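**Student:** Can you read through this structure? Questions will come right after.
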Amino acid sequence: MKSIDDYLAAWNADTSEARHNLLINCMTADVIYLDPHVPETIEGIAGVLALIERFRERFDHRLKPEGNIDTHHHVFRLRWCLQRDTGEILSKGLMVGDLTSSQMIQRVIHFVD
Numbered sequence: 057m058k059s060i061d062d063y064l065a066a067w068n069a070d071t072s073e074a075r076h077n078l079l080i081n082c083m084t085a086d087v088i089y090l091d092p093h094v095p096e097t098i099e100g101i102a103g104v105l106a107l108i109e110r111f112r113e114r115f116d117h118r119l120k121p122e123g124n125i126d127t128h129h130h131v132f133r134l135r136w137c138l139q140r141d142t143g144e145i146l147s148k149g150l151m152v153g154d155l156t157s158s159q160m161i162q163r164v165i166h167f168v169d
């Protein structure tokens, strides 16, 4: 699914501009992001971009899918891992979210194993 692939690619992109371009192509302007490591609800593409940038300043791990994207109706789920190119894994978890009728990500919720 292109929107989920673009979301993963945004986490792994090397520049802020590339991340931003990927996010605007896969998320609604009012997207909601929830993560157990982030105390506040992140709202909007700018908020998600800032979160990714803070993460990338500290870690060089890539966000990778584990398995296939599962969808039904307007929801998706995907198991993920944060992994270095050397194979070292920082964490694993599950993301679930809501999609619009045009397959844009409207809400994404990360769970960490």
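In the working numbering, the protein residues as written are 57 to 169. We treat Cβ as the ideally placed atom computed from N, Cα and C, and that holds for glycine. Treat the numbers as computed from the prediction; the structure is a model and nothing was measured.
Name the DSSP beta bridge partners of Glu122, please?
**Tutor:** Arg135
**Student:** Output the residue ranges of the alpha helix (DSSP H) runs that lie fully inside the region 59 to 120 and measure 4 residues or longer, sorted by chain position.
**Tutor:** 72 to 82 and 100 to 114
**Student:** Between the Cα of Ala65 and the Cα atoms of Gly153, Leu105, Leu155 and Gln159, which residue gives the shortest distance?
**Tutor:** Residue Leu105 is the option with its Cα nearest to Ala65.
**Student:** Does the beta-carbon distance from Val168 to His117 come in below 8 Å?
**Tutor:** no
**Student:** Looking at the structure shown, is His130 part of a helix, part of a strand, or coil, going by DSSP?
**Tutor:** coil
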